[in-house]
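One structure is given here, and the rest of the page talks about it.
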Amino acid sequence: MIEEIGIITAVDKDHIWVETEVKSTCGSCQAQDNCGTGVVAKVFTPKKEKLILRCHQAAEVGQRVRLGVAENQLLSASALMYLLPLLVMIVTAISAQYLFPMIELDHELWVVGAAFFATFLTFRFLKRYANQSNTNRFQPKLLAVLPIQNKPLSAADK
């Protein structure tokens, strides 16, 4: 299980809104200040991801939560998003290279256009597939609501 800590930004009856920070591997590297990739990573990575999760436990805004994704789910999602479009593009290009001359479309731009169009359709299909309600297996799961640490005392508590 791959785990991440997030912060609750809003609470509803049975849902919480959690914000996590996207991290790059450059953040833990010793040479990040002297590396071109580290400089680029600093520009593009301070993004925050917002998730809505079902939660039946007592939770407050500002409280930390532990989220998790199973490794096999992460690998299958990565294979779908990276390998499937690549395979579709290669198969389409090879097929178009042999089929298009039969209908007198001899120029390479037809092959390239067909490959890109098929890849675009594959990404659209994958987006629709990932957004379906029955494919929530790719979504992070709420593992635990962590206890509040060092809560400041209010004037009534003093």
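Quick note, the sequence shown lines up with residues 58 to 215 if you use our numbering. All C-beta atoms, glycine included, are put in the ideal place defined by N, C-alpha and C.
Going by C-alpha positions, Cys92 is about 26 Å away from Glu61. Its Cα nearest to that of Ala127, the residue Ser135 stands out among Ser135, Gln120 and Arg121. The alpha-carbon of Gln114 is positioned some 26 Å away from that of Gln189. Excluding five sequence positions before and after Lys198, the CB atoms of its chain that fall closer than 6 Å to its own CB belong to Gly125, given in chain order.
Scanning its chain for C-beta atoms nearer than 8 Å, with the 5 sequence neighbours on each side dropped, one finds no residue around Arg185. For the options Glu161, Thr149, Gln196 and Val68, the alpha carbon positioned closest to that of Val118 is the one of Val68. Under the rule that a run must span 3 or more residues, the beta strand (DSSP E) segments found entirely inside the region 91 to 161 read 105 to 111 and 121 to 126.
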